[in-house]
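*Asks:* The opening position of the sequence shown corresponds to residue 1 in the numbering used here, with each subsequent residue numbered one higher.
All C-beta atoms, glycine included, are put in the ideal place defined by N, C-alpha and C.
Dropping the structure in here first, questions after.
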Amino acid sequence: MPNLLIIEDDAAFCQMLQKFLTKHGYDVEISFTAPDAKEKFENNNFDLILTDLRLPDYDGIQLLGDIKSVNPKTQVIVMTGYAEVGSAVNAMKKGAFDYISKPFTPDEIVMILDNALKSQIPRDSDLRVTHANPSSQENGNGSPRSELPKVNISDETVVKGISEASQKLLQYIDLVAPTDMSVLITGESGTGKEVTAKAIHDGSKRKGFNFIAVDCGAIPKELATSEFFGHIKGSFTGAIEDKMGNFEAADKGTLFLDEVGNLSYENQIQLLRALQERKIKRVGSTKEIGVDVRIITATNEDLTEAVEAGTFREDLYHRLNEFSIQIPSLEERFEDLTLFAENFLRKANTVLHKNVDGFSDEVWEAFQQYRWPGNLRELQNVIKRAVLLTTGDEVQLAALPKEVLQPQERESVADGFSKSEFEKDRIIKALKKTNFNKSKAAKLLQVTRKTLYNKINHYNLDL
């Protein structure tokens, strides 16, 4: 029975949620305040924590950091009544598994919790994976290795988009995948950096071995050495058994370090040494272990600025950046919106055991009017939620969250940008991007040539 902590200051709602989730097989504890919650998760090892992002006595993002510092493997889902994508995305950057906007349906919260539980990093005693070639797994001294842990192995594939940006991305993946070059992936949060890293791994000679994904932003500085290189029993307080690190786990395969810019300077030095020497030592051990690992890293920050500021080592930056790939935002490959949406629809149908055929014309229009600040991750979450709420053959407007239905209100609050100005700006960008070829611009905007001409006349665009 998975154990769950709910942190929510609305006592009635919290107790109702506790009762409902208990009936669905969860062992649930509740806290109405952050201090009480901190005492509980510091003294108990919870599988999952469901917490409100807005607490009257504490900052929700800070509480998320507190949880991850105590146990990085605990999956955290944040709740918000404000439907603020920016805040939710920030929480996910800080290590949250997912977010859910209030009000939500009972089935929706069960689905998110179940997904978090399925993707949870196993405890050390449960870390087992069948390797493609088990007999070849030896340490630097020729002795058999212990079985390898499986951490955040992604099962997603890159959608082969038709936009110029997507085609260029696929070309870069095909070009670098067969090599052993270190790859630095950059791009906005939610654009699919881990999916791209997995595609590079799958196109390489290492595809029969482990792909290990590590979120550097979710690892406390004090635990990073142990996470990367492992430790031996008794090497520090809490080291109750030997532990294999991520480098050993990824031997002969690929190690993907997400949000690598969050590593401390000390951890950067350790990482650089491991990459240069191709050897590691577990914490508390004097024995060197040889490793053969391909490194792929990702960040949504500008590491060149961090190098100039002195917070990121220049030698490590060049070691990681043998080849760089910039992942385009969803807005930059808007021509692929239909392909992405239909792909996420198929996935949602499979996960939720549904058979929704498609989206209504009104839903497509709403999708095209929205800016998607959370990129592909937000699109996938919106579609999964919509499929869950859909009872007919098509997703209807009523199944979409309010931030997608009313983008012009959110934009006017955020930057004074109205719906008409947003549409006009998109038309101008599409025309410039296609060298003012109206047929190509209409295709990029996913409208007919006639509609595009009408919009040009409507906005008095002298082009």
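Do L275 and L316 have their CB atoms nearer than 9 Å?
*Replies:* Contact: yes.
*Asks:* M79: buried (16+ other C-beta within 10 angstroms of its C-beta) or exposed?
*Replies:* By the neighbour-count rule (16 or more Cβ atoms within 10 Å), M79 is buried.
*Asks:* For a quick check, are the C-beta atoms of A306 and G253 less than 9 Å apart?
*Replies:* Not closer than 9 Å, so no.
*Asks:* Drop a sphere of 10 angstroms on the beta-carbon of N246, count the other beta-carbons inside from all chains shown, and report buried for 16 or more, exposed for fewer.
*Replies:* N246 is buried by the Cβ-count criterion.
*Asks:* Give the straight-line distance between the Cα atoms of I112 and T311, rounded to the nearest whole angstrom.
*Replies:* Roughly 36 Å between the two C-alpha positions.
*Asks:* On a Cα-Cα basis, can you pick out the residue from R333, E277 and T286 that is closest to T434?
*Replies:* It is R333.
*Asks:* If you check the beta carbons only, do N267 and S182 fall under 9 Å apart?
*Replies:* No.
*Asks:* Using three-state DSSP, classify L17 as helix, strand or coil.
*Replies:* Helix at L17.
*Asks:* Output the distance between the C-alpha atoms of M92 and S264, rounded to the nearest integer angstrom.
*Replies:* If you take the alpha carbons of M92 and S264, they lie about 20 Å apart.
*Asks:* To the nearest angstrom, how far is the alpha carbon of E248 from that of F209?
*Replies:* When rounded, the distance between both Cα atoms is 12 Å.
*Asks:* Ignore the nearest five residues each way along the sequence and tell me which others in G203's own chain have a CB closer than 8 Å to its CB.
*Replies:* Cβ within range, chain order: I173, D174, A177 and P178.
*Asks:* If you draw a straight line from the C-alpha of K160 to the C-alpha of R346, how long is it?
*Replies:* Rounded to whole angstroms, K160 to R346 spans 15 Å at the Cα level.
*Asks:* Where does E39 sit, in a helix, a strand or coil, going by DSSP?
*Replies:* Correct three-state label for E39: helix.
*Asks:* Given a threshold of 16 other Cβ atoms within 10 Å of its Cβ, counted over all protein chains shown, does T448 qualify as buried or as exposed?
*Replies:* Per the 10 Å Cβ criterion, exposed.
*Asks:* Which residue from Q75, D57 and R54 puts its Cα closest to that of L4?
*Replies:* Comparing Cα-Cα distances from L4 to each of Q75, D57 and R54, the minimum goes to Q75.
*Asks:* Do the region 341 to 356 and the region 297 to 305 touch if we need at least three Cβ pairs shorter than 8 Å?
*Replies:* Judged by Cβ distances under 8 Å, the region 341 to 356 makes no contact with the region 297 to 305, as fewer than three pairs qualify.
*Asks:* When you compare each of N454, L376 and L352 to I109 by their alpha carbons, which one comes out closest?
*Replies:* If we check each option's Cα against that of I109, L352 comes out closest.
*Asks:* Would you mind sorting P106 into buried or exposed? The rule is 16 or more other CB atoms within 10 Å of its CB.
*Replies:* That one is exposed.
*Asks:* So what does DSSP say about N133, is it helix, strand or coil?
*Replies:* Because N133 carries a pLDDT of 34, less than 50, the predicted location of this residue cannot be relied on, and the following value inherits that uncertainty. It is coil, neither helix nor strand.
*Asks:* On the three-state DSSP scale, how would you describe Y370?
*Replies:* Reduced to three states, the DSSP call for Y370 is coil.
*Asks:* Got a sec, what are the start and stop residues for the beta strand (DSSP E) S101 sits in?
*Replies:* D98 to S101 is the span of the beta strand (DSSP E), which, as asked, contains S101.
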